[in-house]
Amino acid sequence: MTNDVVRYQSPQQRASDEKFCHACARKMHFDAAFCPDCGAPQPSAGKPQTRSEFSQETTPHARPGMNQVFCIGCGGTMHQTANSCPKCGARNPSSAPISSKDKNIAGLFALLLGGIGAHHFYLGNIGLGILYLLFCWTFIPMFIGFIEGLVFLTQSDENFARKYQ
């Protein structure tokens, strides 16, 4: 049994005693009730997934089951915690990190009020915010805040959300 991710393999090309995890697309034995890698419960444990089940699962008109979402790439269903679709490899937008802070607001705070550390108070870095307040008379925090504002506004939403959750 191998743990390699096989994304574009059709059901006809896999061994008869293997199936794919519906959450992470890893190969596993067809008797497995749970994926050995991600721990997701597997439907129809005890029998391999047939071609009719595979095509029914990817039908865009099907309703997703419990903890299932539609793939934005192929329209099939996948587990909501999967990072990508096991059939087409498209990224699952619901698995992306979500931040309660907005990078545009943090960037504007840093550009306009960076000298007094407003962006650090907004992001929850109270210690840095106080440090900026203590040294605001030197204008050094203003220059650093301007650079931080440009960094906030130019980085991707995903990187910002990962850093400031």
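If you count by the working numbering, then the sequence shown holds residues 168 to 332, one letter each, in order. By construction, the Cβ of each residue, glycine as well, lies at the ideal position given by its N, Cα and C atoms. Please read all numbers here as calculations on a predicted model, not as lab measurements.
Inset, instruction - Pick out whichever of Met245, His286, Ala328 and Ala257 has its Cα sitting closest to the Cα of phenylalanine 313. - result: The sequence position of residue 313 within the sequence shown is 146, counting from 1. For phenylalanine 313, the nearest C-alpha among the options comes from His286.
Legend entry - Proximal residues to arginine 258 (C-beta, below 6 angstroms), its chain only, five neighbours per side dropped: Residue numbering aside, residue 258 sits at position 91 when the sequence shown is read from its first letter. These residues qualify, in order along the chain: Ser251.
Legend entry - Per-residue DSSP class, three states only, for phenylalanine 288: Stepping through the sequence shown from its first residue, residue 288 is reached at position 121. Phenylalanine 288: helix per DSSP, three-state reduction.
Inset, instruction - For the segment 278-294 and the segment 231-248, state whether three or more C-beta atom pairs, one from each stretch, are separated by less than 8 angstroms. - result: They do not touch, by the three-pair rule.
Inset, instruction - Using 10 angstroms around the beta-carbon of histidine 196, count the other beta-carbons present and answer buried if the total reaches 16, otherwise exposed. - result: Counting from one through the sequence shown, the residue named residue 196 turns up at place 29. Classification for histidine 196: exposed.
Inset, instruction - In the DSSP assignment, find the beta strand (DSSP E) that holds threonine 321 and state where it starts and stops. - result: As a working note, residue 321 is residue 154 in the sequence shown. Premise fails: threonine 321 lies in the alpha helix (DSSP H), 307-321, not in any beta strand (DSSP E).
Legend entry - Local conformation of lysine 270 per DSSP, three classes: Within the sequence shown, residue 270 is the residue found at index 103, counting from 1. In the structure shown, lysine 270 sits in a helix (DSSP, three-state: H, G or I).
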